[in-house]
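S.K.: Input: one structure, supplied below.
In my numbering, the protein residues as written are 178 to 471.
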């Protein structure tokens, strides 16, 4: 019967899905990172600014358990000259959020730029923020860059400079904003936990995590649809079934892309955004297979 013929096809589709997942988990992230490092090296030799926002968080050495969230609009990395010389660089448009021991924001520092203080191959991670405006948030007491008079949140403290240990050199800062597709599943889960712990939206990462499983599984769904449509009776023609399969896959892709965009924007649950296309397509395939003649 057609249902028995579908068993080996679905089994082969499952093998393809497993291979696809393994390929995305091992090969794809390393390829993305190689491309990113290559672009970074080219920009470093050209002394060009990286034109994208970078966001990372680090423990605050002065406050122990407290943490800093650091946002950088652009970073200019320059390759060091001579043997044993590390990368040099400047952060542009720096924002530092100070968190108390409970993870609640208590102060924000804005700086036009920050210069790297490490010398040679040093990995001390010391950065000097210049022309700083520091805002004490309502209720914020600890974590200010220096002791002094308390001001209202709308009245900033103007400081010539602040020196912070970010725990990384310019090259590592430029690599901090790792895209979701560059991470294996384990790192992606950790990135989601880190973002949620400090209140940073992680919808894009969550959708990508669920799509790591839903996209490979689509091979099984397409096989479920293709078997009853591709092996139609001669009087209806297999070409019609093939055409319908292509149309269904095309509609699937449009729905997958649209729901993924909604999920990444926070307008839809990430799990549903990633799996609704598969669920709907599997339901269609199941009905077609059930109604198919023996």
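Note that beta-carbon positions come from the ideal geometry of N, C-alpha and C, so glycine has one too.
For residue 188, is the classification buried or exposed, using 16 other Cβ atoms within 10 angstroms of its Cβ as the cut-off for buried?
M.R.: Stepping through the chain shown from its first residue, residue 188 is reached at position 11. Residue 188 is exposed by the Cβ-count criterion.
S.K.: When the Cα of residue 384 is compared with those of 442, 251, 396, which residue comes out closest?
M.R.: By 1-based counting over the chain shown, the position of residue 384 is 207. Nearest C-alpha to residue 384: 442.
S.K.: Grab the span of the beta strand (DSSP E) containing residue 343 for me, first residue to last.
M.R.: The count along the chain shown starts at 1 and reaches residue 343 at position 166. No beta strand (DSSP E) holds residue 343; DSSP gives it neither H nor E.
S.K.: Using a threshold of 7 Å, state whether the C-beta atoms of residue 361 and residue 211 are closer than that.
M.R.: In the chain shown, counting from the first residue as 1, residue 361 sits at position 184. In the chain shown, counting from the first residue as 1, residue 211 sits at position 34. Going by C-beta atoms, residue 361 is not nearer than 7 Å to residue 211.
S.K.: Please classify residue 460 as buried or exposed, where buried requires at least 16 neighbouring CB atoms within 10 angstroms.
M.R.: Start at 1 with the first residue of the chain shown, and residue 460 comes out as number 283. Exposed, since its Cβ has fewer than 16 Cβ neighbours within 10 Å.
S.K.: On the criterion of 16 or more Cβ atoms from any shown chain inside 10 Å, does residue 289 qualify as buried, or is it exposed?
M.R.: In the chain shown, the residue the question calls residue 289 occupies position 112. By the 10 Å Cβ count, residue 289 comes out exposed.
S.K.: Applying the criterion that 16 or more other CB atoms from any shown protein chain within 10 Å of the CB defines a buried residue, is residue 363 buried or exposed?
M.R.: Counted from its first residue, the chain shown places residue 363 at position 186. Answer is exposed; the Cβ neighbour count stays below 16.
S.K.: Under the rule that 16 or more other beta-carbon atoms within 10 Å means buried, what is residue 429, buried or exposed?
M.R.: The residue you call residue 429 lines up with position 252 of the chain shown. So residue 429 counts as buried.
S.K.: Is the CB-CB distance between residue 247 and residue 281 below 7 Å?
M.R.: The residue you call residue 247 lines up with position 70 of the chain shown. The residue you call residue 281 lines up with position 104 of the chain shown. Against a cut-off of 7 Å, the Cβ pair of residue 281 and residue 247 comes out as no contact.
S.K.: Once you ignore the five residues that flank residue 439 on each side, which residues in its own chain have a CB closer than 7 Å to its CB?
M.R.: Reading the chain shown from its first residue, position 262 is the one you call residue 439. Counting only Cβ-Cβ distances below 7 Å, and skipping sequence neighbours, we find 445, 450.
S.K.: Please list, in chain order, all residues of the same chain as residue 190 whose beta carbon is under 6 Å from its beta carbon, the five residues on each side excluded.
M.R.: What you label residue 190 is simply residue 13 of the chain shown in a count that begins at 1. Correct list, in chain order: 396, 397, 400.
S.K.: Excluding five sequence neighbours on each side, which residues of the same chain lie with their C-beta closer than 7 Å to the C-beta of residue 468?
M.R.: Within the chain shown, numbered from 1, the residue matching residue 468 stands at position 291. There are no such residues.
S.K.: Roughly how many whole angstroms lie between the Cα atoms of residue 346 and residue 279?
M.R.: Counting from one through the chain shown, the residue named residue 346 turns up at place 169. Counting from one through the chain shown, the residue named residue 279 turns up at place 102. Taking the straight line from one Cα to the other gives about 28 Å.
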